[in-house]
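S.K.: Supplied in structure tokens, the structure appears directly below.
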Amino acid sequence: MSIKIENVTYIYNPKSPFETKALDGINIEIADGEFIGLIGHTGSGKSTLIQHLNGLIKPTSGKITVGDLVITGEKVKLADLRKKVGLVFQYPEHQLFEETVYKDIAFGPKNLNLSESEIDERVRESMELVKLDFESLKERSPFELSGGQRRRVAIAGVLAMKPDILILDEPTAGLDPRGRDEILEQIKYLHDKYQNTVILVSHSMEDIAKLVDRIIVMHGGKIELQGFPREVFKQSKRLESIGLGIPQITHLMEKLKKVDGSIQEEVLTVEEAKVEILRWIRSNKDA
Amino acid sequence: MLKDITIGQHYPTGSAIHKMDPRVKIIITFIYIVSLFVVNNFIGYIYVIAFLLSAILISKVPVTYILKGLKPLMILIGITFMINIFMTAGEVVFRIGPFTITEEGLYQAFFMALRLVFLVMGTSLLTLTTSPIALTDGIEHILNPFKRIGVPAHELAMMMTIALRFIPTLLEETDKIMKAQIARGADFESGNLISRAKGLVPLLVPLFISSFRRADELAMAMEARCYRGGENRTRMKELKTQGKDYFALSVGTLLIALLIVNRIWF
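For the record, the sequence lines run as chains A and B. Positions 153 to 439 (the numbering used here) are the ones given, in order, by the first sequence. Positions -11 to 254 (the numbering used here) are the ones given, in order, by the second sequence.
Printed below as a string of structure tokens:
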């Protein structure tokens, strides 16, 4: 499902001394099945932006279209929109409330008024997707699980609604490196399997670089940059000026290029860097 | 969603009133409240209005903002007005069915409604011009003399500070969890009373859990920094009473004196 955001502006606490412009004339187009990385520093407006896509907040001005539904129009059935757009909030484990893992994941599908058997199937499926063992965990209380497991239960709760568009707000915040890699891998796997539209919000370039098709960089409520990861990382000076870095490995390759101009610096992963460095060494030997 | 609540909200403008000693502000507010109950005729309200308006003007807080604080109390003020207008005995002005409106009733109704309005406006000016920290600081100092008869002044003030400090945090948290559950299809706004109450479970359980977690963490953090109550505690910012505080205090005293004179005279 595609998303089109036109000239969206949002102001918090209008007409008071605490008035702040969180979004300022945002224009974005996202095609069906795209994997988008939304990057920005704390307070850049990225969380505000994604809440618009689910109809949780209405823009002060501007127009948002999801699929063929204009969600900023009059009398929009937001419940229909929320079936299509799944939103995983930051620290989603804080929203868990049921006695058992099963019931908590079933909360979303239940609100969609699905049949018992359909709900059961969806809970099993989404638990499998996030690599939680159904039989051993379904009757456990979500509050006795580890932090990483709790987070996966919460993500499964959104996946069980089978959204066409999946939005994740910093899904790896506060996880250890292993937990982080696992979650990111599963998101990638999901995207590959269902070809749904995914928006991954993060402030870490490392996380996003190897996963996404396109990067959108936000700063001060505006779009600072957007494009393919390789294009965006070419602007390392500009990214650094707004407090964001490029992946360390890209940075290293940039430095190597300064030593010898024949090295390609457009590298996103360690794997690619290895290939490039080996190529460079071989070409030097031949010379 | 929950951002419209203005009770206890601080409105920083940096005016002279904002910079006053919170103790003096609390005392003046107390004098103001007492004087509202001293007033027994409309002439007395002229003094009150003059005092309130000049205080508002000096504070630079927009009048509309203060009036907005009256909204949640409109029902209470309305009920008081109605009870007074229909329940006061006296000379009948006109009749609607079983209800009679008397001249005394009209007088009493307007008088009481105005008293409530002035009460709310004056006291909200205190919270609008004083940061919660300064306010509790002032309360602690005022309660200090009562320590000897066993009033735990410091503990009370600390509890208030913490409670006030966590109001915005909890509101934010509620907003966030509400949004997260709405995104999962929860419905907080429709249905009958029972289904609505049931609908609150997905909001209240996470909220309770996070509150306990926060309380635990805060207690731990305070203990880690050797907090042990008010004994021998010093402050970074000592409260100071300056010229303008004495001036304001004398204006407040003048107000109540005028009103007492007014009450005796008329």
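Backbone N, C-alpha and C fix where the C-beta goes; we use that ideal spot for every residue, glycine too.
Sort Leu248(A), Met313(A) and Lys314(A) by Cα distance to arginine 303(A) and report the nearest one.
M.R.: Leu248(A)
S.K.: Who are the Cβ neighbours of leucine 239(A) in its own chain at under 6 Å, not counting the five residues just before and after it?
M.R.: Asn206 and Ile319
S.K.: Here's the rule: buried if 16 or more other CB atoms are within 10 angstroms of the residue's CB, otherwise exposed. What is alanine 334(B)?
M.R.: Outside the shown range of chain B (-11 to 254) lies residue 334(B), about which nothing can therefore be said.
S.K.: Apart from the five residues on each side of it in sequence, which residues of its chain come closer than 6 Å, Cβ to Cβ, to glycine 240(B)?
M.R.: Ile16 and Ile19
S.K.: Kindly indicate the opening and closing residues of the beta strand (DSSP E) around asparagine 258(B).
M.R.: Here chain B has residues from -11 to 254 only, and residue 258(B) is not among them.
S.K.: Three-state secondary structure (DSSP) at isoleucine 71(B)?
M.R.: Isoleucine 71(B): helix per DSSP, three-state reduction.
S.K.: What in chain A is Cβ-close to isoleucine 165(B), meaning under 8 Å?
M.R.: His246 and Gln247
S.K.: Taking Cβ positions only, does alanine 168(B) come closer than 8 Å to chain A?
M.R.: yes
S.K.: Answer with buried or exposed for alanine 151(B), where buried requires no fewer than 16 other C-beta atoms within 10 angstroms of its C-beta.
M.R.: exposed
S.K.: So is glutamate 417(A) buried or exposed if we call it buried at 16+ other beta carbons inside 10 Å?
M.R.: Per the 10 Å Cβ criterion, buried.
S.K.: Taking C-alpha atoms, which residue in Asn348(A), Pro166(A) and Asp285(A) lies nearest to proline 211(A)?
M.R.: It is Pro166(A).
S.K.: Going by DSSP in three states, aspartate 175(B) sits in which element: helix, strand or coil?
M.R.: It is coil, neither helix nor strand.
S.K.: Near glycine 78(B), what residues of its chain come up, given a Cβ to Cβ distance below 7 Å and the 5 sequence neighbours on each side ignored?
M.R.: Thr90, Glu91, Glu92 and Gly93
S.K.: Which term fits aspartate 285(A), buried or exposed, when burial requires 16 or more other beta carbons within 10 angstroms of its beta carbon?
M.R.: exposed
S.K.: At which residue ranges does the stretch 387 to 418 of chain A contain complete alpha helix (DSSP H) runs of 4 or more residues, listed in the order of the chain?
M.R.: 388 to 393 and 400 to 411
S.K.: Going by DSSP, what residue range makes up the alpha helix (DSSP H) through valine 369(A)?
M.R.: Taken as a continuous stretch (DSSP letters only), valine 369(A) belongs to no alpha helix (DSSP H), being part of the beta strand (DSSP E) at 366 to 371.
S.K.: Could you compute how far the alpha carbon of glycine 173(B) sits from the alpha carbon of asparagine 348(A)?
M.R.: 20 Å
S.K.: Let's see if you can read the secondary structure: which residues bound the alpha helix (DSSP H) around threonine 52(B)?
M.R.: 51 to 56
S.K.: Between leucine -10(B) and chain A, is the shortest Cβ-Cβ distance under 8 Å, so that the two count as touching?
M.R.: Any answer about leucine -10(B) is weak, because its pLDDT of 49 lies below 50 and its placement is not dependable; what the coordinates show is given next. With a threshold of 8 Å between beta carbons, leucine -10(B) makes no contact with chain A.
S.K.: Determine the direct distance from the alpha carbon of arginine 223(B) to that of serine 47(B), and round the result to whole angstroms.
M.R.: Per the coordinates, the alpha-carbon of serine 47(B) lies some 27 Å from the alpha-carbon of arginine 223(B).
S.K.: Under a Cβ-count criterion, where at least 16 other Cβ atoms within 10 Å of its own Cβ denotes burial, should aspartate 344(A) be classed as buried or exposed?
M.R.: So aspartate 344(A) ends up on the exposed side.
S.K.: Pull up the DSSP beta-bridge partners for isoleucine 188(A), would you.
M.R.: Ile351(A) and Arg366(A)
S.K.: Does the distance from the CB of isoleucine 244(B) to the CB of valine 49(B) come in under 8 Å?
M.R.: no
S.K.: So which residues on chain A does alanine 174(B) lean against when the C-beta distance must stay under 8 Å?
M.R.: Phe259 and Asn263
S.K.: Within the continuous beta strand (DSSP E) that includes valine 218(A), where are the two ends?
M.R.: 213 to 218
S.K.: Rank Ala325(A), Glu250(A) and Gly260(A) by C-alpha distance to the C-alpha of lysine 290(A) and give the top, closest one.
M.R.: Glu250(A)
S.K.: Give the residues of chain A in contact with valine 193(B), contact being defined as C-beta atoms less than 9 Å apart.
M.R.: Leu248, Phe249 and Glu250
S.K.: Among Lys173(A), Lys283(A) and Leu264(A), which residue has its Cα nearest to the Cα of serine 196(A)?
M.R.: Lys173(A)
S.K.: What does DSSP give as the partner residue(s) for tyrosine 164(A) in the beta ladder?
M.R.: According to DSSP, which records beta bridges pairwise, tyrosine 164(A) is partnered with Thr172(A).
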